[in-house]
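A quick write-up on the structure given underneath.
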Amino acid sequence: MARMINPGGAIPADAVIGRDREIDEYWLILQRQSVGLLAPRRVGKTSICRRMLAYPPARVVPIMRNLEGLQSATEFVARLADDVDHIVGLLTRVKSRVSDILGRFGVGLDVPGVRVQLAPAQWKVLLDELLHEVNEATPENGLVVFFWDEFTLFFGDLARRGAAEEAMVLLDRLRAARQAFPRIRMVLTGSIGFEEVMEQLRRHGYANDPINDVNKQIVPLLDEVGAAKLAEVLLSLLPGTPPLTLARFIAQRSEGHPLVIQHMADRLRQSGRIDEAEVEGALQQLIADDSDPLELSHYLERLGHYLPAETLTLTRTLLDTIAVDAQGVALAKLVADLGTDREQVLAALNRLRKDQYLLREGTDHRWRFRLDVLRRWWRQERGL
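Everything in the sequence shown is counted per the working numbering, starting at 701 for the first residue and increasing by one.
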């Protein structure tokens, strides 16, 4: 195992700790249907995918593509063609037909820096033919799994750039492909929710539900055992003998956030003081750091990108109000304090719960931040 303290860096597949239960569950689901993996940034979904790619089950061929930065459906299909050419070659040990398929559309493989432009009628047909090629090349008892990272961000960006119609068509074609090709699965990951993207598209008249066949999973933070194990491994890399209770303390104060644990261990390494006070200092430093190593600003910025103007102010006000109290705020108090219609408040709160900002607890419907580190950062950033 390549063990290292590496906050913010890529974690090698064999060094991913505490995720075996989730990975086993995702592979089990993929035997029957495609999966959507949703989580805020920096909580470990890419590390999970990296480990799944490195250690797939027998007769499963996985391939990963990050969709962030792609500008169009045509670019998506062009990158898919590269991946299909690679996969079919692996499966059949002979040259794939992808070059011939692309040639009919005047497109070639391996042309770096060239953006292919295809009419909608062309890229739809090309998409279908590429996925058909994969399905036909896959043995009857095998699977090809496409891991598409930042899937929701890609489609959200298409909608925001005025290409909502293109996004709708591509989503529909991918759904049709999942129904038509039984030996293909898709893992759709995102740091924004599917519902946010769907709301954007509905404002452009979209009435379909193109991901109702996808099993949606929220990637959890590490449980107490997994967080303590990760802390133990990282502490073992430090000089001296850390207190036996320190790993459990780190697990508790980090809330199971793997990147927070990495930063805590790195702070201990730099300071040379291996104690609880230094762990608390690391947590405060993460919140105050202008470089935003946890990318917590993403939670604030995405609201303006994806919420309609009529709900944006209410949503920010709710988060401001809840951030002030670490124990959370009861629904009745929120409605009374804001002087807003109860149904509007509930709708906004439930949207924030689905998007991993908030948790609802207790018989009084008390709402609090899912992550206390986010709550503390929010208070600081918003001057509360």
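Glycine residues also receive a C-beta, built at the ideal position from the N, C-alpha and C atoms. Quick caveat: nothing in here was measured; it's all calculated off a predicted structure.
- For the 9 Å CB-CB criterion, Asn-835 and Arg-903 do not form a contact.
- For a cut-off of 8 Å, the C-beta gap from Trp-1078 to Leu-1049 is around 15 Å, too long to register as a contact.
- Between Ile-711 and Ser-747, the C-beta spacing is below 9 Å.
- Exposure of Tyr-755 is indicated by the presence of fewer than 16 other C-beta atoms within 10 angstroms of its C-beta.
- Assigned with DSSP and collapsed to three states, Ala-710 falls in coil, not helix or strand.
- In the structure shown, the three-state DSSP call for Ala-778 is helix.
- Under the 10 Å beta carbon count, Pro-942 is surrounded by 16 or more other beta carbons and is classified as buried.
- Under a 10 Å Cβ-count criterion, Ala-988 is classified as exposed, with fewer than 16 other Cβ atoms of the shown protein chains found around its own Cβ.
- Look at Met-752 here: in three-state DSSP terms it is helix.
- Scanning Val-760, Leu-874 and Lys-929 for the CA closest to the CA of Pro-839 turns up Val-760.
- Around the beta carbon of Ala-1009, a 10 Å sphere encloses fewer than 16 other beta carbons of the protein chains shown; the residue is thus reported as exposed.
- If only complete runs of 4 or more residues are kept, the segment 829-909 shows the alpha helix (DSSP H) at 851-860, 864-880 and 894-902, in order along the chain.
- Taken through DSSP and simplified to helix, strand or coil, Ala-739 comes out as coil.
- If only complete runs of 4 or more residues are kept, the segment 917-962 shows the alpha helix (DSSP H) at 924-935 and 946-954, in order along the chain.
- Assigned with DSSP and collapsed to three states, Ile-763 falls in strand.
- Arg-1042: member of the alpha helix (DSSP H) spanning 1042-1054, first to last residue.
- With 16 or more neighbouring CB atoms inside 10 Å of its own CB, Ser-772 falls in the buried class.
- Taking Ala-863 as reference, the option from Gly-789, Leu-830 and Gln-900 with the minimal CA-CA separation is Gln-900.
- Checking the DSSP bridge columns, you'll see Ala-1030 partnered with Arg-1066.
- Scanning its chain for C-beta atoms nearer than 7 Å, with the 5 sequence neighbours on each side dropped, one finds around Ala-781 the residues Val-798, Leu-802, Leu-809 and Leu-830, in chain order.
- Sorting Leu-728, Gly-736 and Asp-714 by C-alpha distance to the C-alpha of Ile-911 places Gly-736 at the top.
- Where Leu-1059 is concerned, the enclosing beta strand (DSSP E) starts and stops at 1058-1061.
- Residue environment: Ala-965 is assigned as buried (16 or more neighbouring CB atoms within 10 Å of its CB, all protein chains considered).
- Taking a C-beta distance under 9 Å as the contact criterion, Pro-740 and Tyr-906 do not qualify as a contact pair.
- If you look at Gln-771, you'll find it isn't in any alpha helix (DSSP H); DSSP assigns it neither H nor E.
- Note on Asp-990: under 16 other CB atoms within 10 angstroms of its CB, so exposed under the neighbour-count rule.
- In this structure Pro-762 does not touch Leu-770 by the C-beta definition: roughly 20 Å separates them, more than the 8 Å allowed.
- Selection Asn-915, Leu-827 and His-957 evaluated against Leu-994 yields His-957 as nearest (Cα-Cα).
- Close CB contacts of Arg-1042 within its chain, under the 7 Å cut and outside five residues either way in sequence, are with Val-1035 (chain order).
- The beta carbons of Glu-833 and Val-887 sit about 20 Å from each other, so the pair does not count as a contact at 8 Å.
- Note that the C-beta distance between Lys-745 and Thr-852 is not below 9 Å.
- In the DSSP annotation of this structure, the continuous segment of the alpha helix (DSSP H) that includes Val-1073 starts and ends at 1072-1082.
- Around the beta-carbon of Glu-725, fewer than 16 other beta-carbon atoms lie within 10 Å, marking it exposed.
- Out of Gly-1004, Leu-983 and Arg-1075, the CA that lies nearest to the CA of Gln-1027 is found in Arg-1075.
- With a 10 Å radius around the Cβ and a threshold of 16 neighbouring Cβ atoms, Arg-967 comes out buried.
- With a 10 Å radius around the Cβ and a threshold of 16 neighbouring Cβ atoms, Val-925 comes out exposed.
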